[in-house]
Amino acid sequence: MDFGQFLVQLLTDAGGSLVSAVTAAFVLAAIGLNLHFGYTGLINIGQAGFMLLGAYGFAITVEYSGDFWLGLLVAIVVAIIAALILGLPTLRLRGDYFSIVTIAFAEIIRMIGDSPALQSLTGGPVGIQGFKFQGPFVALSPLPHEGTLSLGPLTAPYTGGDSWWLRIVTWGAVVIIALIALLLVKSPWGRVLRGIREDEDAVRSLGKNVNLVKMQSLIIGAVFGALGGVFYVLSGSVQADGLGRSQTFLIYTCLLLGGAATVFGPILGSLLYFVFTTILTDVVTTYVPHTVMNVTQIPQFVWILVGVGLMLLVIFRPQGILGNKRELNFIG
Amino acid sequence: MTDYPYDRTALRAELATVDELPGSAKPEPILIVDRITRRFGGITAVDVEHLEVQRGAITALIGPNGAGKTTFFNIITGFDSPSAKEARWRFQGETIASASSFKVARAGMVRTFQLTKALSAMTVLDNMLLGSQAQAGERLLRSVFWPSWTGREKQLVEKADELLERFTLHDKREDYAGSLSGGQRKLLEMARALMSDPAMIMLDEPMAGVNPALTQSLLGHIQDLRDRGTTVLFVEHDMHMVQHISDWVVVMAEGKIVAEGRPGSVMKNQAVIDAYLGSHHDQDLGDDAVLEEDFDELAKVEETEREVEEEKLEEYVEAVREAEGEEN
Ligand SMILES: Nc1ncnc2c1ncn2[C@@H]1O[C@H](COP(=O)(O)OP(=O)(O)OP(=O)(O)O)[C@@H](O)[C@H]1O
Ligand SMILES: [Mg+2]
Chain X
2 MDFGQFLVQL
12 LTDAGGSLVS
22 AVTAAFVLAA
32 IGLNLHFGYT
42 GLINIGQAGF
52 MLLGAYGFAI
62 TVEYSGDFWL
72 GLLVAIVVAI
82 IAALILGLPT
92 LRLRGDYFSI
102 VTIAFAEIIR
112 MIGDSPALQS
122 LTGGPVGIQG
132 FKFQGPFVAL
142 SPLPHEGTLS
152 LGPLTAPYTG
162 GDSWWLRIVT
172 WGAVVIIALI
182 ALLLVKSPWG
192 RVLRGIREDE
202 DAVRSLGKNV
212 NLVKMQSLII
222 GAVFGALGGV
232 FYVLSGSVQA
242 DGLGRSQTFL
252 IYTCLLLGGA
262 ATVFGPILGS
272 LLYFVFTTIL
282 TDVVTTYVPH
292 TVMNVTQIPQ
302 FVWILVGVGL
312 MLLVIFRPQG
322 ILGNKRELNF
332 IG
Chain V
291 MTDYPYDRTA
301 LRAELATVDE
311 LPGSAKPEPI
321 LIVDRITRRF
331 GGITAVDVEH
341 LEVQRGAITA
351 LIGPNGAGKT
361 TFFNIITGFD
371 SPSAKEARWR
381 FQGETIASAS
391 SFKVARAGMV
401 RTFQLTKALS
411 AMTVLDNMLL
421 GSQAQAGERL
431 LRSVFWPSWT
441 GREKQLVEKA
451 DELLERFTLH
461 DKREDYAGSL
471 SGGQRKLLEM
481 ARALMSDPAM
491 IMLDEPMAGV
501 NPALTQSLLG
511 HIQDLRDRGT
521 TVLFVEHDMH
531 MVQHISDWVV
541 VMAEGKIVAE
551 GRPGSVMKNQ
561 AVIDAYLGSH
571 HDQDLGDDAV
581 LEEDFDELAK
591 VEETEREVEE
601 EKLEEYVEAV
611 REAEGEEN
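Those protein sequence lines, which keep their order, are chains X and V. Those letters in the first sequence? Residues 2 to 333, by the numbering used here. Those letters in the second sequence? Residues 291 to 618, by the numbering used here.
The following block contains the structure:
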């Protein structure tokens, strides 16, 4: 492959990851995590668990009812219930306990999904294949149900699978959720959130129901995560191991890269993250000889670089790209 | 709060009739506390049988370090729980025992902290706005409909600006609270507490670390508050200040209320002198003439004690030298 060809390939792949529904799904989860971590100071280390739960709730409901909207509703409701169960005993404790419980929660969801015990519902290790639950979503599409559309170098089906229809809907959801998040954090309610992040007792002494507000924040962020999970699986299948611990750290990386406690940080961070890893994968695949690194080792290598990147980021630019250094200076 | 018919002479006259005894009844109590105890392991930090706080007055709560003042504050504001179940306290006629801290604040009893709690990564103005309890936009469902709260927000900003002006923090308005000095944080915390027009404000050492020039104006603010009908209960170690502004003084020692009285006379109380001399030999108890006599005497006693000790030391050193000399 000559360099010109490689460059075209690179730009196409990068552009593809920019519009991808997977990127949008992680943006949603990152916006939710930002509400927890960036604004409320809740260190939720189980955001991928909420994604997975939402994905299961959606896929199973749609598989058995054939109703897309009911599936969406169930995804939201299970996220709310999980947040309540998780939050009620832990939000009144010190933050560390909450964090530990969120990890445990995410692992429990993942292991239940993986276990053969509920195989009839979750598909066990095989998961729930896309064709079982994607139908009703595809049916909603006003776009042609056959054929592909090319926008510049990017080609995808109108409807079905990783389609333009899915991309329009997921990015539309991103716009709506980001707008809601913007209104929330810029409101007096958002001010209470930031106060809680700084000092719960001070905020209590000013007459705010801190436990209630923390619970509200947890629930809203969890619902955003669950919606992210729904859109994440709409172009693929539901698989417990696809949304594990490493996905939570991926969301953190996106959030910290863009800038926690900023409205556009999670969006910018996720876009940059996916473009960057796509480019990195392309470069390594093309220029590192296969005798040095084989196809299965490349994603692992990219993961290692992402981990190192996250470390460097936290050390040298903890506020991320959009974050406010001064605001962060006083944290902790 | 402004419609409170305040008359300081009348208040003082009323308080003049009150017995100067621990737990004495007040003509018009805003806060009545009964049987509050708090034990930490083996020690009893607070053991208050009965206390009434007069409405509209500035009451000072004094006592040596570790007397239990902060713990007492924590309990009645819902930040800590009493050890025994029979604890009762009523604020403005309402039982607030076992209410959570935010409900206490909503009932109109707002406190500040001895270790200041400024919200560091928020601006001074945001700190102030958070102090208000009258912003419906703090409710989740209202928050996204911004037209429903922007009007109120404007009023609150005006009010915050006024208070910041009074507390000499106005030019810090946009700064992060974390960049303020210790004294400025104290000021901010007090100003913030006033945003909700509390019926009663409880200040835990409000003047600690505030420069003396500013202290004067702060004292003015506190009196001003009282003049507008706010009841003030404050903890303070500086006796000059206590004498200067308080209408009533409550003295705590080892968890108990050992004395109560008018600022002019309470310091002459033997129980108070004992309480302080127990732990604070060199504490300046204020410029009360009678007190100074007591302290002069005390100083003399200390002086002679020190002389005696020095003599003993010299004797000892000599004895050692002699012993060494014999060995050689
Ligand atoms: N959380 C706690 N755990 C154990 N002991 C405590 C705790 N809080 C306070 N104490 C003890 O209770 C006693 C009263 O403390 P408190 O802070 O109420 O005193 P204070 O009157 O406010 O003193 P100061 O004037 O120094 O602020 C002290 O002996 C202290 O060591
Ligand atoms: Mg104290």
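No residue lacks a Cβ here, since even glycine has one placed at the ideal position from N, Cα and C.
Under a Cβ-count criterion, where at least 16 other Cβ atoms within 10 Å of its own Cβ denotes burial, should Ser388 of chain V be classed as buried or exposed?
Residue mapping note: residue 388 of chain V aligns to position 98 of the second sequence, counting from 1. Exposed, by the Cβ-count rule.
Short check: CB of Ala408 of chain V to CB of Leu470 of chain V, under 9 angstroms? Along the second sequence, read from residue 1 onward, the residue named residue 408 of chain V stands at position 118. Along the second sequence, read from residue 1 onward, the residue named residue 470 of chain V stands at position 180. Cβ atoms of Ala408 of chain V and Leu470 of chain V: closer than 9 angstroms.
Give a yes or no on whether the minimum CB-CB distance between Tyr466 of chain V and chain B is below 9 angstroms. Chain labels in this structure do not include chain B; the protein chains are X and V.
Measuring only the C-alpha atoms, how far is Ile563 of chain V from Met557 of chain V? Residue 563 of chain V sits at position 273 when you count from the first residue of the second sequence. Residue 557 of chain V sits at position 267 when you count from the first residue of the second sequence. Ile563 of chain V and Met557 of chain V: Cα-Cα distance of roughly 7 angstroms.
| said: Is it the case that the segment 482 to 497 of chain V contacts the segment 391 to 403 of chain V, given that we only count it when at least three CB pairs across the two stretches are under 8 angstroms? | reply: Counting C-beta pairs closer than 8 angstroms gives three or more between the segment 391 to 403 of chain V and the segment 482 to 497 of chain V, which meets the contact rule.
Checklist entry - Would the beta-carbon of Glu443 of chain V be found less than 8 angstroms away from any heavy atom of ligand 2? => result To locate residue 443 of chain V, count along the second sequence from 1; it is residue 153. For ligand 2, not one heavy atom lies less than 8 angstroms from the Cβ of Glu443 of chain V.
Within 9 angstroms (strictly less), CB to CB, does Asn210 of chain X reach chain V?
Translated into the one-based positions of the first sequence, residue 210 of chain X becomes position 209. Closer than 9 angstroms to some Cβ of chain V, the Cβ of Asn210 of chain X qualifies, so yes.
Would Val525 of chain V and Leu515 of chain V be called neighbours here (beta carbons separated by less than 9 angstroms)? Against the second sequence, residue 525 of chain V aligns to sequence position 235. Against the second sequence, residue 515 of chain V aligns to sequence position 225. Taking 9 angstroms as the Cβ cut-off, Val525 of chain V and Leu515 of chain V do not qualify as a contacting pair.
Please tell me whether, using a cut-off of 8 angstroms, the distance from the CB of Pro126 of chain X to the nearest non-hydrogen atom of ligand 3 is below it. This structure lacks ligand 3; its bound ligands are ligand 1 and ligand 2.
Asn417 of chain V burial status per 10 Å Cβ neighbour count (16 or more: buried)
As a first step, residue 417 of chain V is located in the second sequence; it is residue number 127 there, counting from the start. Here Asn417 of chain V is buried. Its C-beta has 16 or more other C-beta atoms within 10 Å.
- Query: Where does the unbroken beta strand (DSSP E) through Lys546 of chain V begin, and where does it stop?
  - Reply: Numbered from its first residue, the second sequence carries residue 546 of chain V at position 256. Per DSSP, Lys546 of chain V is one residue of the beta strand (DSSP E) stretching across Lys546 to Gly551.
Residue nearest to Glu479 of chain V in terms of C-alpha spacing, selected from V:Pro317, V:Ala561, V:Gln404 and V:Ser390:
Here residue 479 of chain V corresponds to residue number 189 of the second sequence, with the count starting at 1. Of V:Pro317, V:Ala561, V:Gln404 and V:Ser390, the residue nearest in Cα terms is V:Gln404.
request  = Quick one: give me the first and last residue of the beta strand (DSSP E) that His340 of chain V is part of.
outcome  = On the second sequence, residue 340 of chain V is found 50 positions in, with the first residue counted as 1. Unbroken beta strand (DSSP E) run through His340 of chain V: Ile333 to Gln344.
| query | Rounded C-beta distance between Phe27 of chain X and Leu258 of chain X? I'm assuming under 8 angstroms. | reply | Against the first sequence, residue 27 of chain X aligns to sequence position 26. Against the first sequence, residue 258 of chain X aligns to sequence position 257. Actually they do not touch by this definition, with Cβ atoms about 12 angstroms apart.
Does any CB atom of chain X fall closer than 9 angstroms to the CB of His571 of chain V? Looking up residue 571 of chain V in the second sequence gives position 281. Note that His571 of chain V scores a pLDDT of 49, beneath 50, so its modelled location is shaky and nothing firm can be said.
Q.
Taking beta-carbon pairs under 7 angstroms, can you tell me which members of the segment 47 to 67 of chain X lie near chain V?
A. Those would be none; no residue qualifies.
- Message: Between Leu419 of chain V and chain X, is the shortest Cβ-Cβ distance under 9 angstroms, so that the two count as touching?
- Response: In the second sequence, the residue the question calls residue 419 of chain V occupies position 129. Interface residue, yes.
* Which residue from X:Gly191, X:Asp14 and X:Ile299 puts its Cα closest to that of His37 of chain X? -> Looking up residue 37 of chain X in the first sequence gives position 36. Selected option, being the one with the closest Cα: X:Gly191.
Select from the segment 384 to 401 of chain V all residues with a C-beta closer than 7 angstroms to any C-beta belonging to chain X, and list them in chain order. Answer set for the segment 384 to 401 of chain V: Ser391, Phe392, Ala395, Arg396, Val400 and Arg401.
So, does the segment 367 to 376 of chain V touch the segment 322 to 330 of chain V, judging by three or more C-beta pairs under 8 angstroms? Cβ pair count under 8 angstroms is three or more, so yes.
On the three-state DSSP scale, how would you describe Val276 of chain X? Along the first sequence, read from residue 1 onward, the residue named residue 276 of chain X stands at position 275. When DSSP states are grouped into helix, strand and coil, Val276 of chain X belongs to the helix group.
Taking the alpha-carbon of Ser438 of chain V as reference, which of X:Val293, X:Ile197, X:Gln217 and X:Leu184 has the nearest alpha-carbon?
Mapped onto the second sequence, residue 438 of chain V falls at position 148. Selected option, being the one with the closest Cα: X:Leu184.
Taking the alpha-carbon positions, what's the Met531 of chain V to Leu509 of chain V distance? Reading the second sequence from its first residue, position 241 is the one you call residue 531 of chain V. Reading the second sequence from its first residue, position 219 is the one you call residue 509 of chain V. Met531 of chain V and Leu509 of chain V have their alpha carbons spaced roughly 8 angstroms apart.
>> With a threshold of 8 angstroms on Cβ separation, who are the neighbours of Gln513 of chain V within its own chain once the five nearest residues in sequence on each side are excluded?
In response: Translated into positions along the second sequence, residue 513 of chain V becomes position 223. Beyond the five residues adjoining it in sequence on each side, Gln513 of chain V comes within less than 8 angstroms, by CB distance, of Ile348 and Ile535 in the same chain, given in chain order.
Kindly confirm or deny that the segment 534 to 551 of chain V and the segment 309 to 324 of chain V touch, where touching means at least three C-beta pairs closer than 8 angstroms.
At 8 angstroms Cβ cutoff, the stretches touch.
I need the boundaries of the alpha helix (DSSP H) containing Ala174 of chain X, first residue and last residue. Residue 174 of chain X sits at position 173 when you count from the first residue of the first sequence. It spans Trp165 to Val186 - the alpha helix (DSSP H) in which Ala174 of chain X sits, taken as one unbroken run.
Q) Just how far apart, CA to CA, sit Asp494 of chain V and Arg298 of chain V? A) For the purposes of this step, residue 494 of chain V is taken as residue 204 along the second sequence, with counting starting at 1. For the purposes of this step, residue 298 of chain V is taken as residue 8 along the second sequence, with counting starting at 1. Taking the straight line from one Cα to the other gives about 24 angstroms.
Notebook entry, point to check: Should Glu464 of chain V go down as buried or exposed, given a rule of 16 or more other Cβ atoms within 10 Å for buried?
Noted result: Looking up residue 464 of chain V in the second sequence gives position 174. Result: exposed.
Exercise. Please list the partners that Leu409 of chain V has in chain X, where partner means a Cβ-to-Cβ separation under 7 angstroms.
Key: As a first step, residue 409 of chain V must be located in the second sequence, where it is residue number 119. Listed along chain X are Gly196, Glu199, Asp200 and Ala203, each with a C-beta nearer than 7 angstroms to that of Leu409 of chain V.
- How about Asp494 of chain V: is its Cβ closer than 8 angstroms to a heavy atom in ligand 2? Locating residue 494 of chain V in the second sequence gives position 204, counting from the first residue. Yes, since a heavy atom of ligand 2 falls inside the 8 angstroms radius drawn around the Cβ of Asp494 of chain V.
- Task: Below 6 angstroms CB to CB, which residues in the same chain sit around Ile81 of chain X once its five sequence neighbours on both sides are set aside?
- Result: Along the first sequence, read from residue 1 onward, the residue named residue 81 of chain X stands at position 80. Excluding its 5 nearest sequence neighbours in each direction, Ile81 of chain X has C-beta neighbours in its own chain below 6 angstroms: Ile220, listed in chain order.
Notebook entry, point to check: Whose CA, out of V:Pro317, V:Arg345, V:Ile322 and V:Thr334, lies closest to the CA of Pro488 of chain V?
Noted result: Here residue 488 of chain V corresponds to residue number 198 of the second sequence, with the count starting at 1. Nearest to Pro488 of chain V by C-alpha distance, out of V:Pro317, V:Arg345, V:Ile322 and V:Thr334, is V:Arg345.
Got a sec, what are the start and stop residues for the beta strand (DSSP E) Pro90 of chain X sits in?
If you number the first sequence from 1, residue 90 of chain X lands on position 89. Per DSSP, Pro90 of chain X belongs to no beta strand (DSSP E); it is in the alpha helix (DSSP H), Phe69 to Thr91.
Problem set entry | Asp242 of chain X, buried or exposed, once every other Cβ within 10 Å from all chains shown has been counted against 16 | Numbered from its first residue, the first sequence carries residue 242 of chain X at position 241. Around the beta carbon of Asp242 of chain X, fewer than 16 other beta carbons sit within 10 angstroms, so the residue counts as exposed.
For Pro317 of chain V and Arg95 of chain X, I'd like the C-alpha separation in whole angstroms. As a first step, residue 317 of chain V must be located in the second sequence, where it is residue number 27. As a first step, residue 95 of chain X must be located in the first sequence, where it is residue number 94. Cα to Cα, Pro317 of chain V sits roughly 43 angstroms from Arg95 of chain X.
Nearest chain X C-beta to Val414 of chain V closer than 9 angstroms, yes or no? Working through the second sequence from its first residue, we reach residue 414 of chain V at position 124. Between Val414 of chain V and chain X, the shortest Cβ-Cβ separation is not below 9 angstroms.
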